[in-house]
Amino acid sequence: MRQSRYLLDRDLKDKFAAQSIDEHVIDLSLTNPSFYLKEGVTCIEHRYVTIHFEAYDMEKLEESIKNTKKAIRDKEQYLKLAYTRLDIRHKRSNIELVYDPPQKHLLEEEVREIECEIQKLQERLDESHVCLRNLNRDKLILEKDIETKTNTIFVDEVECHEGLRKSILIEDW
Numbered sequence: 214m215r216q217s218r219y220l221l222d223r224d225l226k227d228k229f230a231a232q233s234i235d236e237h238v239i240d241l242s243l244t245n246p247s248f249y250l251k252e253g254v255t256c257i258e259h260r261y262v263t264i265h266f267e268a269y270d271m272e273k274l275e276e277s278i279k280n281t282k283k284a285i286r287d288k289e290q291y292l293k294l295a296y297t298r299l300d301i302r303h304k305r306s307n308i309e310l311v312y313d314p315p316q317k318h319l320l321e322e323e324v325r326e327i328e329c330e331i332q333k334l335q336e337r338l339d340e341s342h343v344c345l346r347n348l349n350r351d352k353l354i355l356e357k358d359i360e361t362k363t364n365t366i367f368v369d370e371v372e373c374h375e376g377l378r379k380s381i382l383i384e385d386w
């Protein structure tokens, strides 16, 4: 009997404590604006726009990479042609085998110029690949952020607001 009375008294104290906590939470939620969600948590449209721009930039960058690869292939064809011309000049017979100004121009200027252009295009291609990887990483971060924010909003709006404990008045019991 004592134990039952003790448990009932303890349960009554717990109910009073729960009611006072509920009233305190209601007062805080009505009076304290700092408990509201920040705009960044609920406003995810900006993130969607950012992802759209990232996707557009990625498309343009992929197109640029494709064009750069094509330019490198084209330059390599010109380089092969220049090397073929040099090889033909080296295979001339004895009298025609001379180191004349056209050969000097072909060797020193044309071949080196084409090699330099190919090297610059290759560097630009490498930079584009790095930028594309960075854009992909940023896009994944934004998508993860949107997923987290969407889940947070769901938990806040559906799970918390619908599942909040209703104020229970002890007098009703």
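The opening residue of the sequence shown carries number 214 in the working numbering; numbering runs sequentially from there.
We put the CB at the ideal spot given by N, CA and C, even for glycine.
Note that this is a predicted model, so its numbers are computed, not measured.
Residue closest to residue i, alpha-carbon to alpha-carbon, out of the options
{"i": "Leu-320", "options": "Lys-304, Asp-339, Tyr-296", "result": "Tyr-296"}
{"i": "Glu-326", "options": "Tyr-291, His-303, Met-214", "result": "Tyr-291"}
{"i": "Glu-289", "options": "Lys-228, Gln-335, Asp-227", "result": "Gln-335"}
{"i": "Pro-314", "options": "Ser-277, Leu-355, Leu-299", "result": "Leu-299"}
{"i": "Ala-268", "options": "Thr-365, Leu-355, Asp-339", "result": "Leu-355"}
{"i": "Lys-279", "options": "Leu-338, Gln-316, Arg-260, His-259", "result": "Leu-338"}
{"i": "Leu-345", "options": "Glu-258, Phe-367, Lys-273, Thr-363", "result": "Lys-273"}
{"i": "Glu-258", "options": "Thr-363, Arg-305, Lys-226, Glu-340", "result": "Thr-363"}
{"i": "Met-271", "options": "Asp-224, Arg-350, Asp-369", "result": "Arg-350"}
{"i": "Glu-276", "options": "Val-368, His-303, Ser-341", "result": "Ser-341"}
Run of the alpha helix (DSSP H) containing residue i, from where it starts to where it stops
{"i": "Asp-358", "result": "325 to 367"}
{"i": "Met-271", "result": "258 to 303"}
Below-8 Å beta-carbon distance, residue i vs any chain D residue
{"i": "Val-238", "result": "The structure shown has no chain D; it contains just one protein chain."}
**Message:** Using a Cβ distance threshold of 8 Å, determine whether the segment 314 to 333 contacts the segment 272 to 291, with at least three qualifying pairs required.
**Reply:** yes
**Message:** Contact between the segment 350 to 365 and the segment 260 to 272 is defined here as three or more beta-carbon pairs at a separation below 8 Å; is this criterion met?
**Reply:** yes
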